[in-house]
Structures are given as structure tokens and as C-alpha cells.
Amino acid sequence: MYSANRLCSTRNKKHGSDAMNGSSALVDNAGASQSRRVFWDQDVYQLELERIFSRCWLMLGHDSLVPKPGDFITTYMAEDRVILSRQPDGSLKAFINSCTHRGNQICHADSGSAKAFVCNYHGWVFGQDGSLVDVPMEERCYHSDLDKSKLGLAPIRVETYKGFIFGCHDPEAPSLEDYLGDFCWYLDTIWDGPDGGLELLGPPLKSTLACNWKVPTENFVGDGYHVGWTHAAALQMIGGELAGLSGNRADMPFDDLGLQFTMRHGHGFGLIDNAATAIHVKRDGYVKYLEETRGGIREKFGPERERLYVGHWNTSIFPNCSFLYGTNTFKIWHPRGPHEIEVWTYTMVPKNADTETKRSIQREAIRSFGTAGTLESDDGENMSSATYINNGIITRKGRMNSSMGKDREGPHPVYPGIVGVSFIGETSYRGFYRFWQEMLDAPDWAAIRANDDTWDVMWTNRNFWPDRLSAKQAEPQD
């Protein structure tokens, strides 16, 4: 058993955040910094497996990947192998992909359709629901003394939201909808939408990347800062709305290009206004689709969410699922220890768009953020470097800064959660690590629920948005 206190430095320092106990040595919310150890230490990683990945809702897939009874996919929840299976009645069940006899992996296929799952070690047979239904030579070898009802595959809680499927190991965790919380208000804009919502196109592209799982998750949750620098050459080549960001040009009106959002349970995203299709080179079909459907969004949800619908999102659902709406790449960052991940990449498309528009979106998403995508390659090098630089013992004693936009954020009169003034900021970084720290500290979900009414007290500028909006209304109109 690992504890947060074990993670603190044993040195008795008289000053600085290293003197703090437990996870507060790792995350300083008031100072907006994190220890470099969060990207490196094995002890930190083991505590994450125990207190985050074993307790949070984790993305498993989408209805479109298992459309018919008998359809299944195999996936991961952190490092645990999982089978997700569509049942004869249309419901979904998930269970650990490990035989209850001698522990062998049962299903090795990525996906398919099956009436049962058979372990190739000794031939134990498990039904679509994970129950043990047959054992070779049961009467002769077990003498009818085997209680098969107690030897089914370990079950996993499964719930869906707008077709997206999540699993959770913890029976005390809140419902999926409660876990997503205020983020549902945002997700409904695109996951429900005006025209049937979204689906995932698979099978996923799979690759490994030498980095800690939090590096890409934090990048997607709110790193608008790197876009103009890391991707400068790519943006110049692609052109379009984001080309002006190339080289972080000082003449860009950064405070008027978008927003950042963070929620109770660490979910968050950054919005770039009017840029949904900005990364697409060939975009005519997608532009046409958005223009034809944005009126439906305005009618269904109002102008504030129409703004979201035609913007570009860089998004993470805590802990390890990310997507770019607009670019429409959809990622799951499966951890493989503290220094490596397996990246699964789907394409997210409007469910009721025509076939050619879907194919065009998929081609563009793969070109930019597929395994060998133009922008994926830019990011991968930085993500690996941000991890492996911390193998130096002196380097690892340092801290990382996430103070951009601090105090230029707060509760908004329309948008739920905490809202930052610009998509280039670190509001959602701070929100992600605030909840990450809370999960490491909390012994159970009851302790987490106890903080529901006070989770946002670290954002002290409560009048930021009322004051800002009043000032804008007072400005002379052209």
C-alpha cells in the first residue's frame, strides 16, 4: 500500500514547497506549480494506479464500435486488460480479460463478434456476460465440486453518456453523469448536437510513446500556448485561421480568441473561436455540414453553445482521455509505467454526416494527429523530452510552473465551472492538477464528495467575469 505521505521528501527543509507534506509537495495550488516528480517517480505512479485509475471512470469506447449483440472490443483500464461486450439484450458488460483458473489472457483479438470467450490454456469457456459456462472434463477432474457461479470474470461497472462508453472499478464512485458533472453541459453541444451527435471511427491507430501519461493529457486539456511555437511550420503550411498564431505573433488579440474551462473533477478544455475546421486542408464538406447544422445548435442550446459548436476544442476528460473537436482526433493515453504510454487514436465524426464528409474528416485527422501525423510528430518529441529530462536527480528536484492566466479566471455568468479569459492560458492545467492532488489525498469517494461545495475556492478572483463583462459593455461602440 502506498500513501501520499510516503511521497514527501524525507529531508527537513526550512523553506520552499519541498517542506510540504504528502501530495502538497507534488502540487502547490496556491503557487501554481508541480514537482517534476509527477512525471517520473514510480511511487507516484503506483499511487495513481490505486487512487485514480482504480476509482475514476475511464473511457472504454463508443456504441459505434460494438453495434450488434455479440460484438466486442478489447481495451485497457490503465494496465488492466478488459473485454467490452454487447449483450443479447443490447446492454453492455465489461470484465477483466484474465481467466479465473490460472490467470491467462483469454481474448487476444482487438475486436470481433463472439458467442463466448475461450481460454486457450485449459479451455475454460466464458459467456458474453463473463460468466463461467463450461469447464473441460468438469465431472471427471473436478468431481462436480466446482462452483462455476463464483468463477466468472471480474466485472466492471459500465455506463454510457451520449453513446460514449466508460468503465469504473469502484462501486462507491458517483454515476458517470455525476462524474462528468458540469462538463455534460459542454459535451451535449457536440456529443448530442443537432443531428444525432458523434461516433468514433475505428479500429484505433496504436503506437507507443516514451512519456508519462499526464504530459499529453495536460497538453490536450489546455495547452494553447505551444500551438504557435511548436507547430509554427505546420501552421504556415496548412494556412487558414490559425496561421496567424505561427511564431506567437504579438499582434494577435489573444484575449479575444477564445476561452478556457475547468470542472469539478478535473475535466477541461480550451476553445479557439470560429476555428472548428482550421487544421483541415480539404474541408469543404465539413464546413458545409457545420454551416447547415449550427442553426440547429442555436435553436436547441442557445448562442453561447453555438459559439462552442463552431470553435475548436482541445479537451481532456480526467484522467486519460483526450480529443480535439474540429480536428476530430480522439485519444486514449494508456499508461505503461511512469515513463511510457500506448496511444490509441480514433477519429470522431458527426454520426449523420454523409459518407464522403466522414472519410474526409478521417483523412485530415490522421494526416495531422495520426501515428505519423504532422502535428503529432511535433508533440511527441516534446512529450518524451518533458518526461525523460527528469531522470536527472538534480533536475527532478525542480518544479514546473503553471501560472499563466492566474487570477484572470473565475465563475462565469453563463458557462459552468471556472472560466479563463483566453485559450492561451493554464486555467485548465491548474484544474487538472487540483483534482489529481485531491484524488491522491482522498481515502475514498466519500472524502471527495465532502469537497463538492468548496472545490473551486482556490480561484479567489470571484468577480473577474462580472467586472470584465461590465467593462466591455461600458466601452464605446464603433
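Residue numbering for the sequence shown is 1 to 478, as defined by the UniProt record's numbering. All C-beta atoms in this analysis are idealised placements derived from N, C-alpha and C, irrespective of residue type, glycine included.
Original post:
Bridge partners of residue 34, per DSSP?
Top reply: The residue you call residue 34 lines up with position 34 of the sequence shown. Residue pairing by DSSP places residue 34 opposite 27, 400 in a beta bridge.
**OP:** State whether the region 445-465 contacts the region 297-306, with contact taken as three or more CB pairs (one from each stretch) at a distance under 8 angstroms.
**Re:** Of all C-beta pairs linking the region 445-465 to the region 297-306, fewer than three are shorter than 8 angstroms, placing the two stretches out of contact.
**OP:** In angstroms with no decimal places, state the Cα-to-Cα distance between residue 63 and residue 161.
**Re:** The residue labelled residue 63 in the question sits at position 63 within the sequence shown. The residue labelled residue 161 in the question sits at position 161 within the sequence shown. Near 10 angstroms, if we compare the C-alpha coordinates of residue 161 and residue 63.
Subject >> Spatial distance of residue 68 from residue 126 (CA atoms) >> reply: Indexing the sequence shown from 1 puts residue 68 at position 68. Indexing the sequence shown from 1 puts residue 126 at position 126. If you draw a straight line from the Cα of residue 68 to the Cα of residue 126, it comes to about 19 angstroms.
**OP:** Pull up the CB-CB distance for residue 42 and residue 433, whole angstroms please, since I reckon it's below 8 angstroms.
**Re:** Sequence index remark: in the sequence shown, residue 42 carries index 42 (1-based). Sequence index remark: in the sequence shown, residue 433 carries index 433 (1-based). Your pair residue 42 and residue 433 does not check out as a contact, with CB atoms roughly 19 angstroms apart and the cut at 8 angstroms.
**OP:** Using beta-carbon positions only, say whether residue 245 and residue 221 come within less than 8 angstroms of one another.
**Re:** Taking the first residue of the sequence shown as position 1, residue 245 is located at position 245. Taking the first residue of the sequence shown as position 1, residue 221 is located at position 221. Result no, Cβ atoms of residue 245 and residue 221 do not sit closer than 8 angstroms.
Subject >> Other residues of its chain near residue 328: CB distance less than 7 angstroms, five sequence neighbours each side excluded >> reply: Working through the sequence shown from its first residue, we reach residue 328 at position 328. The answer, listed in chain order, is 347, 348, 349, 361, 365.
Subject >> Own chain partners of residue 416 with C-beta closer than 6 angstroms, once the 5 adjacent residues on each side are dropped >> reply: Within the sequence shown, residue 416 is the residue found at index 416, counting from 1. Closer than 6 angstroms at the Cβ level, and outside the excluded window around residue 416, lie 182, 185.
Original post:
So what's residue 466 in DSSP terms, helix, strand or just coil?
Top reply: The residue given as residue 466 occupies position 466 in the sequence shown. Residue 466 falls in the helix class under three-state DSSP.
Subject >> CA nearest to the CA of residue 45, picked from 256, 79, 408, 84 >> reply: For the purposes of this step, residue 45 is taken as the residue at position 45 of the sequence shown. Across the set 256, 79, 408, 84, the C-alpha of 79 shows the shortest separation from the C-alpha of residue 45.
Original post:
Which term fits residue 194, buried or exposed, when burial requires 16 or more other beta carbons within 10 angstroms of its beta carbon?
Top reply: Numbered from 1 along the sequence shown, position 194 holds the residue referred to as residue 194. So residue 194 counts as buried.
Original post:
Roughly how many whole angstroms lie between the Cα atoms of residue 265 and residue 391?
Top reply: In the sequence shown, the residue the question calls residue 265 occupies position 265. In the sequence shown, the residue the question calls residue 391 occupies position 391. CA-CA distance, residue 265 to residue 391, rounds to 30 angstroms.
Original post:
In whole angstroms, what is the alpha-carbon distance linking residue 14 and residue 214?
Top reply: Reading the sequence shown from its first residue, position 14 is the one you call residue 14. Reading the sequence shown from its first residue, position 214 is the one you call residue 214. Low per-residue confidence applies at residue 14: pLDDT is 33, beneath 50, and the placement is therefore not dependable, though the value from the model is reported in the following sentence. Cα-Cα distance, rounded: 30 angstroms.
Subject >> Given residue 274 as reference, the closest of 282, 281, 291 once Cα atoms are compared >> reply: As a first step, residue 274 must be located in the sequence shown, where it is residue number 274. Selected option, being the one with the closest Cα: 291.
Original post:
DSSP three-state call for residue 21: helix, strand or coil?
Top reply: By one-based count along the sequence shown, residue 21 stands at place 21. Reliability fails at residue 21, whose pLDDT of 45 lies under 50, so the model's placement of it is uncertain and the value that follows must be treated cautiously. Correct three-state label for residue 21: coil.
**OP:** Have a look at residue 426 and residue 225 and give me their C-alpha separation to the nearest angstrom.
**Re:** Against the sequence shown, residue 426 aligns to sequence position 426. Against the sequence shown, residue 225 aligns to sequence position 225. Between the alpha carbons of residue 426 and residue 225 lies a gap of roughly 9 angstroms.
Original post:
Can you tell me whether DSSP reads residue 342 as helix, strand or coil?
Top reply: As a first step, residue 342 must be located in the sequence shown, where it is residue number 342. Three-state result, residue 342: strand.
**OP:** Run the CB neighbour count on residue 142, radius 10 Å, all protein chains shown included, and call it buried at 16 or more, exposed below.
**Re:** As a first step, residue 142 is located in the sequence shown; it is residue number 142 there, counting from the start. Classified as exposed, residue 142 has fewer than 16 neighbouring CB atoms from the shown chains inside 10 Å of its CB.
Subject >> Cutoff 7 angstroms; reference residue 70; Cβ partners in own chain excluding five residues on either side >> reply: As a working mapping, residue 70 is identified with position 70 in the sequence shown. Excluding sequence neighbours, residue 70 sits near 86, 113, 114, 115, 128.
Original post:
Exposed or buried, what is residue 26 when buried is set at 16 or more other beta-carbons lying within 10 Å of its beta-carbon?
Top reply: As a position in the sequence shown, residue 26 is number 26, starting the count at 1. With 16 or more other Cβ atoms inside 10 Å of its own Cβ, residue 26 counts as buried.
Original post:
Which ranges does the alpha helix (DSSP H) cover as unbroken runs of at least 4 residues, wholly within the region 309-376, from first to last along the chain?
Top reply: List check, alpha helix (DSSP H) in window: 355-369.
Subject >> residue 414 burial status per 10 Å Cβ neighbour count (16 or more: buried) >> reply: As a first step, residue 414 is located in the sequence shown; it is residue number 414 there, counting from the start. With fewer than 16 Cβ atoms within 10 Å of its Cβ, residue 414 is classed as exposed.
Original post:
Can you give the Cα-Cα distance for residue 235 and residue 375, rounded to whole angstroms?
Top reply: Along the sequence shown, one-based indexing puts residue 235 at 235. Along the sequence shown, one-based indexing puts residue 375 at 375. If I take the Cα positions, the gap works out to 9 angstroms.
Subject >> Neighbourhood of residue 403 by C-beta, 6 angstroms cutoff - its chain only, sequence neighbours within 5 removed >> reply: Start at 1 with the first residue of the sequence shown, and residue 403 comes out as number 403. Same-chain partners within the cutoff: 32.
Original post:
Given 8 angstroms as the limit, is there contact between the region 376-384 and the region 392-399, that is, 3 or more CB pairs closer than that?
Top reply: They do not touch, by the three-pair rule.
Original post:
Between 154, 136, 149, 55, which lies nearest to residue 103 when the distance is taken from Cα to Cα?
Top reply: For the purposes of this step, residue 103 is taken as the residue at position 103 of the sequence shown. Closest option to residue 103, Cα to Cα, is 154.
Original post:
Looking only at its own chain, which residues have a Cβ that is under 7 angstroms from the Cβ of residue 400, when we skip the five neighbours before and after it?
Top reply: Here residue 400 refers to the residue found at position 400 of the sequence shown. Around residue 400: 33, 34, 36.
**OP:** For residue 356, verify whether its CB is less than 7 angstroms away from any heavy atom of the ligand NAP.
**Re:** No copy of the ligand NAP occurs in the structure displayed, which carries no ligand at all.
Original post:
How long is the line joining the alpha carbons of residue 38 and residue 318, rounded to whole angstroms?
Top reply: Looking up residue 38 in the sequence shown gives position 38. Looking up residue 318 in the sequence shown gives position 318. Going from the Cα of residue 38 to the Cα of residue 318 covers about 16 angstroms.
Original post:
When DSSP labels each residue in this structure, what does residue 305 get in the three-state scheme?
Top reply: Locating residue 305 in the sequence shown gives position 305, where the first residue counts as 1. Helix at residue 305.
**OP:** Take the Cβ of residue 21 as the centre, count every other Cβ of all protein chains shown within 10 Å, and call the residue buried at 16 or more, exposed below.
**Re:** Your numbering for residue 21 matches position 21 in the sequence shown. Residue placement at residue 21 cannot be trusted, given a pLDDT of 45 that sits under 50; what the coordinates show is reported in the next sentence. An exposed status is given to residue 21, since fewer than 16 other beta-carbon atoms sit within 10 Å of its beta-carbon.
**OP:** State the beta-bridge partners of residue 72 as determined by DSSP.
**Re:** Translated into the one-based positions of the sequence shown, residue 72 becomes position 72. Partner(s): 85, 112.
**OP:** Could you tell me if residue 470 is buried or exposed, where buried requires 16 or more neighbouring beta carbons within 10 angstroms of its beta carbon?
**Re:** Locating residue 470 in the sequence shown gives position 470, counting from the first residue. With fewer than 16 other Cβ atoms within 10 Å, it is exposed.
Subject >> Where the alpha helix (DSSP H) containing residue 506 begins and where it ends >> reply: Absent from the model: residue 506. The displayed extent of the chain is 1 to 478, so no value can be given.
Original post:
According to the neighbour-count rule (16 or more other Cβ atoms, all chains shown, within 10 Å of its Cβ), is residue 449 buried or exposed?
Top reply: As a working note, residue 449 is residue 449 in the sequence shown. Residue 449 should be labelled exposed.
Original post:
For the alpha helix (DSSP H) that residue 42 lies in, which residues bound it at each end?
Top reply: By one-based count along the sequence shown, residue 42 stands at place 42. Residue 42: member of the alpha helix (DSSP H) spanning 42-48, first to last residue.
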